[in-house]
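A quick write-up on the structure given underneath.
Number of protein chains: 2
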Amino acid sequence: MDSTIMDYNLNIRAIFWRVEKLYSNQEIISRTYEGIKRYTYRDFSLRVRKLASFLKQKGLAGERIATIAWNTHRHLELYFAVPLLNGILHTVNVRFHPTEMDYVIKEMGDKAIFKDKDIEYKNDSITSFILDEKYDEEVEVQEPFAEFPDVDEKQGAIACFTSGTTGKPKGVIYSHRSVFIHSLSLMAKDVLGISSSDTVMTIVPMFHISGWDTPFASLMTGARLVLPGPRPKAEDIVNMIKSFGVTIAIAAPTVWIDVVHYVEKEKGDLSPLKAVVTGGAEPPLGLIKKLSEYGVKTYHAWGMTETEAIATINKSDDINRLSEQGYPIPGIETALIDVDGKELPWDGRSVGELVVRGAFVTKRYFNSPSNILHNNTWLRTGDVVKIKEDGSIKVVDRLKDLIKSGGEWISSVDLENAIMSYEKVLEAAVVGVPDEKWGERPVAFVVKKPGVEVTEEEIINYLKSLNMFAKWQLPDKIIFIDSIPKTSTGKLDKKAMREMVKKFIEKKG
Amino acid sequence: MDSTIMDYNLNIRAIFWRVEKLYSNQEIISRTYEGIKRYTYRDFSLRVRKLASFLKQKGLAGERIATIAWNTHRHLELYFAVPLLNGILHTVNVRFHPTEMDYVIKEMGDKAIFKDKDIEYKNDSITSFILDEKYDEEVEVQEPFAEFPDVDEKQGAIACFTSGTTGKPKGVIYSHRSVFIHSLSLMAKDVLGISSSDTVMTIVPMFHISGWDTPFASLMTGARLVLPGPRPKAEDIVNMIKSFGVTIAIAAPTVWIDVVHYVEKEKGDLSPLKAVVTGGAEPPLGLIKKLSEYGVKTYHAWGMTETEAIATINKSDDINRLSEQGYPIPGIETALIDVDGKELPWDGRSVGELVVRGAFVTKRYFNSPSNILHNNTWLRTGDVVKIKEDGSIKVVDRLKDLIKSGGEWISSVDLENAIMSYEKVLEAAVVGVPDEKWGERPVAFVVKKPGVEVTEEEIINYLKSLNMFAKWQLPDKIIFIDSIPKTSTGKLDKKAMREMVKKFIEKKG
Chain A
1 MDSTIMDYNL NIRAIFWRVE KLYSNQEIIS RTYEGIKRYT YRDFSLRVRK
51 LASFLKQKGL AGERIATIAW NTHRHLELYF AVPLLNGILH TVNVRFHPTE
101 MDYVIKEMGD KAIFKDKDIE YKNDSITSFI LDEKYDEEVE VQEPFAEFPD
151 VDEKQGAIAC FTSGTTGKPK GVIYSHRSVF IHSLSLMAKD VLGISSSDTV
201 MTIVPMFHIS GWDTPFASLM TGARLVLPGP RPKAEDIVNM IKSFGVTIAI
251 AAPTVWIDVV HYVEKEKGDL SPLKAVVTGG AEPPLGLIKK LSEYGVKTYH
301 AWGMTETEAI ATINKSDDIN RLSEQGYPIP GIETALIDVD GKELPWDGRS
351 VGELVVRGAF VTKRYFNSPS NILHNNTWLR TGDVVKIKED GSIKVVDRLK
401 DLIKSGGEWI SSVDLENAIM SYEKVLEAAV VGVPDEKWGE RPVAFVVKKP
451 GVEVTEEEII NYLKSLNMFA KWQLPDKIIF IDSIPKTSTG KLDKKAMREM
501 VKKFIEKKG
Chain B
1 MDSTIMDYNL NIRAIFWRVE KLYSNQEIIS RTYEGIKRYT YRDFSLRVRK
51 LASFLKQKGL AGERIATIAW NTHRHLELYF AVPLLNGILH TVNVRFHPTE
101 MDYVIKEMGD KAIFKDKDIE YKNDSITSFI LDEKYDEEVE VQEPFAEFPD
151 VDEKQGAIAC FTSGTTGKPK GVIYSHRSVF IHSLSLMAKD VLGISSSDTV
201 MTIVPMFHIS GWDTPFASLM TGARLVLPGP RPKAEDIVNM IKSFGVTIAI
251 AAPTVWIDVV HYVEKEKGDL SPLKAVVTGG AEPPLGLIKK LSEYGVKTYH
301 AWGMTETEAI ATINKSDDIN RLSEQGYPIP GIETALIDVD GKELPWDGRS
351 VGELVVRGAF VTKRYFNSPS NILHNNTWLR TGDVVKIKED GSIKVVDRLK
401 DLIKSGGEWI SSVDLENAIM SYEKVLEAAV VGVPDEKWGE RPVAFVVKKP
451 GVEVTEEEII NYLKSLNMFA KWQLPDKIIF IDSIPKTSTG KLDKKAMREM
501 VKKFIEKKG
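Note that the protein sequences, when read in sequence, are chains A and B.
Each residue of the first sequence is one higher than the one before, starting from 1 at the first, in this note's numbering.
Each residue of the second sequence is one higher than the one before, starting from 1 at the first, in this note's numbering.
Listed below in structure tokens is the structure:
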């Protein structure tokens, strides 16, 4: 039987209503090439309405619009104005190669590009706008757009492309509804617990997975939002935390490694900061401990482009449990399957592939009719995990990153974490390289901490001393490098590393 | 353009998935006539599956089921089992007169009644089950129901009838989706912020507005849930807070007045309690101050049956602002209209009727085809309010409770609060009574604190000393009584009070 509840679209308009009507004196702070921009939600909302008129005037209302932009207030205005007009905001990864940019913009059929001025990209076939002071003025003179349509919640709002290390980028389109529900879920006290008394800094790029929806969640509940702008360095981040009293900041583990390193070197402090949200890769225990010494909690989040960023969260007070990926947030369901797709028990021992479904999970890729779901229900994550009886998930490895040696599995993630727990090591990555006898063998890449010396033998001895690995699980080789190759979204670029090993061996041979 | 996000029903099944899979060792504690029942989410979930099989066996799967029951674990099992089978749980107000119960059960077309044993009600035309130990055993022997259907989120889940003081009760039916979204909204840190480290006690009746959805929100995030059972007295509530470490408890202001009074008298304490959620009527400032002295914060919520309980929240740290009803929670929009339906500004001065819309707002009453919305958009709340520029709402009065004297309005709520701020007064209510010369004049009902003496003159002088009221706004008469008449849901029964004034005058005359 039908309920008596009204139809109400969970859309960007419903989020914007809150921003414009409820928290008008709250602030948005944005670092740009022209300096720090500070304005209120009231002024921001007015700008969004003017930008909507600007888009309409240019014939771009309801169209697909590409942005190639950093985390700034200008980007944030587009986050609202484009979907409010029932268009789709396509956030292009600024770290893509120009040919990749060409590809995704063509795939998506974008009608215009809004680009930060420092990003090298030319596309003569599409109208382009540079996000600079001239653009600001052109928007400023517009009449505010009066009334936004009540867009159906299942319509697309924000598109982005995965940055896989193999194959072409694949597009996903988040809906108005998925942005609303995911953002609301982030506000839950047991998830991020963002509140109106927080100052939130979104360091994860707004050009990918809508900054994990944290700009939306922040504005929905009246938090002060800090956007760190183009190419923020550790120094910039630390300064902004201090200057603006940032209480919660969201960034990949490598960013926090740099930040902690900077704070140690410069005898700085992180005093306003209460929590960091991190994910995309497992935060090393050493990092979590260091942050804890500075009075900062670590929230370990897990997710992927296909789950609209955060799907599970671990906020354990027990630092030693924080390597787990934690519990599915409201709106997400999880299961564990074996290679035949059969469900495995949650006993903390059975190892299988994590599959997920829920209110912000993708069922297919853009421009591809085929449903990618297992049993027409579950998205395969490609992550190999164990699940404890209480639902807490531990990623053991990526399916494609497991190393198969002599018919047995070696976890590259376990090896990486073990190496990174060594005091002289800044960062480490492990890849499997082809081996005639064993099929595959592990090779480690290591970045030393500045100013210290460390040898291959020393690290191998350290690994042995941990009593965590069988002898055949230890790396055959340790290669010292200045920095670990990463993909455009900051993930370990194992493909590039395998190439490096090949060259290394060829050179030696 | 469509998104690539999967279809996923926000339904009770999605909530139950969390309860059964994620927090299996968390506890539910229930006070019953047979004593305290404690069991885990795991055992609870198993019982829900057995109860579903029991319902199926009795031919009640997918049907409308009436409960006439207190806040117990048995009621909670029905909260899940009935909607999980795509039936509708109709919670009947235990304080209804038997003829009202007959009426609502017939209106809803219920196929069975599940009733606590102490409630006097007989209905020979419908199968009835008594929620006792025999019933427990009948459910216990069932095989657990294997797989619940994926009910469309717009289907009805829970029905309840308003308890207006005029006219027949009117039914509303909450949907699976509205229960999910409202519960998720309650989990937001800026709303109730219920978390897995909380012990929540739902004292507001589960027989009305699904206990403000706080049982669902608690179970959705793994909080310990305490249900205070049949007719809990202040003593029971205080004991349970102590014994089970309740951190957050939800009840009407009158309950908290009794609790604070009991604690004062018995030199008790409320030490585990961090916050009380209260609403339905405005909590008096004196109560808020007393709770604060005990280290307990007051969260002032506003809502109505037609908004699925909580629609706005005030968690201000400034005690003097806590009389405001606060900000709309995520999923709710508000506006202010005048008598002609024209929008009024949010300037903290303009007085008009509050209208609301959103994801858990009713558009019509059960068995009535007519949409009750203003402009086919807004639900008229009947509350006369001012709205501040930042969106915070202050209820001035109920439309029907404003007193019109000599063409000017007198706010009965303002008078009630002023009288209750007098140290010798426990409770007060003000009604308008017909007056030949002025149209209407205010008359106050006052309950003295035990053991003190107070006169009409003393109260009038106190009101004058506040400098808040013009002379013509002061009550013509103060009537001392032992308790204020209330409706079955604890609201001031002004209809009954007007009758009392009439009799009082007749007696005098």
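Note that CB positions come from ideal geometry on N, CA and C, so glycine has one too.
{"Query": "Taking C-beta to C-beta, are V246 of chain A and P272 of chain A nearer than 8 Å?", "Result": "yes"}
{"Query": "Given this structure, state the Cα-to-Cα distance separating M420 of chain A from L474 of chain A, to the nearest angstrom.", "Result": "14 Å"}
{"Query": "Which word fits E282 of chain A, buried or exposed, when buried means at least 16 other C-beta atoms lie within 10 angstroms of its C-beta?", "Result": "buried"}
{"Query": "Along the chain, where does the alpha helix (DSSP H) containing K50 of chain B start, and where does it finish?", "Result": "41-57"}
{"Query": "Would you call the CB atoms of G432 of chain B and S412 of chain B closer than 8 Å?", "Result": "yes"}
{"Query": "Going by the CB atoms, is the gap between I130 of chain A and H90 of chain A shorter than 8 Å?", "Result": "no"}
{"Query": "In terms of residues, what are the limits of the beta strand (DSSP E) holding S175 of chain A?", "Result": "171-175"}
{"Query": "Can you give the beta carbon distance from I88 of chain B to A157 of chain B, rounded, assuming they're within the 8 Å contact cut?", "Result": "7 Å"}
{"Query": "Could you check the C-alpha separation between K464 of chain A and E416 of chain A for me, to the nearest Å?", "Result": "14 Å"}
{"Query": "Only counting runs of 3 or more residues, tell me where the beta strand (DSSP E) segments fall wholly within the segment 97-154 of chain A, in order along the chain.", "Result": "112-115, 127-130"}
{"Query": "Determine, for Q142 of chain B, whether the minimum Cβ-Cβ distance to residues of chain A falls below 8 Å.", "Result": "no"}
{"Query": "Whose C-beta lies closer than 6 Å to the C-beta of F161 of chain A among residues of the same chain, with five residues either side of it excluded?", "Result": "V104, P169, G171"}
{"Query": "Listed in chain order, which residues of the segment 168-186 of chain B have Cβ atoms closer than 7 Å to some Cβ of chain A?", "Result": "V172, I173, Y174, S175, S178, L184, S185"}
{"Query": "Assuming the contact rule is C-beta atoms closer than 8 Å, L184 of chain A and A301 of chain B should be a hit. Round their C-beta distance to whole Å, please.", "Result": "Actually they are not in contact, since the Cβ atoms of L184 of chain A and A301 of chain B sit about 18 Å apart, beyond 8 Å."}
{"Query": "Taking 8 Å as the threshold (C-beta atoms), are S350 of chain B and L336 of chain B in contact?", "Result": "yes"}
{"Query": "Could you have a look at F161 of chain A and say whether DSSP puts it in helix, strand or coil?", "Result": "strand"}
{"Query": "Using a 10 Å radius around the Cβ and a threshold of 16 neighbouring Cβ atoms, would you call E353 of chain A buried or exposed?", "Result": "buried"}
{"Query": "Should N371 of chain A go down as buried or exposed, given a rule of 16 or more other Cβ atoms within 10 Å for buried?", "Result": "exposed"}
{"Query": "If we call anything under 8 Å between Cβ atoms a contact, is E478 of chain A one with V447 of chain A?", "Result": "Going by the sequence as given, residue 478 of chain A is Ile instead of Glu. Going by C-beta atoms, I478 of chain A is not nearer than 8 Å to V447 of chain A."}
{"Query": "Does the segment 109-122 of chain B come close enough to the segment 64-81 of chain B that 3 or more CB-CB pairs lie under 8 Å?", "Result": "yes"}
{"Query": "I need the straight-line Cα distance from S30 of chain B to R441 of chain A, nearest angstrom please.", "Result": "58 Å"}
{"Query": "Assuming G490 of chain B contacts G280 of chain B under a Cβ cut-off of 8 Å, what Cβ separation, rounded to an integer in Å, is found between them?", "Result": "6 Å"}
{"Query": "The beta strand (DSSP E) spanning L336 of chain B covers which residue range?", "Result": "332-337"}
{"Query": "Less than 8 Å between CB atoms is the rule here; does E107 of chain A satisfy it with respect to chain B?", "Result": "no"}
{"Query": "Against D338 of chain B, what residues of chain A qualify as contacts under a CB-to-CB distance less than 9 Å, listed in chain order?", "Result": "Simply none; closest approach about 18 Å."}
{"Query": "Between the alpha carbons of M374 of chain A and V355 of chain A, how many angstroms are there, rounded?", "Result": "Inspection of the sequence shows that residue 374 of chain A is occupied by His rather than by Met. Approximately 8 Å, taken between the alpha carbons."}
{"Query": "Compare the C-beta of L55 of chain A with all C-beta atoms of chain B and state if any pair is closer than 8 Å.", "Result": "no"}
{"Query": "How would you label P178 of chain A, buried or exposed, when you count the other beta carbons within 10 angstroms and need 16 or more for buried?", "Result": "Note on residue identity: the sequence assigns Ser, not Pro, to residue 178 of chain A. It is buried - the Cβ of S178 of chain A has at least 16 other Cβ atoms within 10 Å."}
{"Query": "Using the rule of at least 16 other Cβ atoms within 10 Å of the residue's Cβ for burial, across every protein chain shown, is H97 of chain B buried or exposed?", "Result": "exposed"}
{"Query": "How would you list, in chain order, the residues of chain B whose beta-carbon sits under 8 Å from the beta-carbon of M304 of chain A?", "Result": "Near M304 of chain A there are no residues of chain B at all, since even the closest Cβ is about 13 Å away, more than 8 Å."}
{"Query": "Taking Cβ-Cβ distances below 8 Å as the criterion, which residues of the segment 342-369 of chain B are in contact with chain A?", "Result": "W346, R357, G358, A359, F360, V361, T362, K363, R364, Y365, F366"}
{"Query": "Using a Cβ cut-off of 8 Å, pull out every chain A residue sitting near M1 of chain B, in sequence order please.", "Result": "R64, I88, Q155, G156, I173"}
{"Query": "Is it buried or exposed for V200 of chain A, if we count other Cβ within 10 angstroms and need 16 for buried?", "Result": "buried"}
{"Query": "Is the number of C-beta pairs between the segment 452-469 of chain B and the segment 483-499 of chain B that are closer than 8 Å three or more?", "Result": "no"}
{"Query": "K592 of chain A touches chain B at which residues, Cβ-Cβ below 8 Å?", "Result": "Here chain A has residues from 1 to 509 only, and residue 592 of chain A is not among them."}
{"Query": "Can you tell me the Cα-Cα spacing of G326 of chain B and T487 of chain A, whole angstroms?", "Result": "46 Å"}
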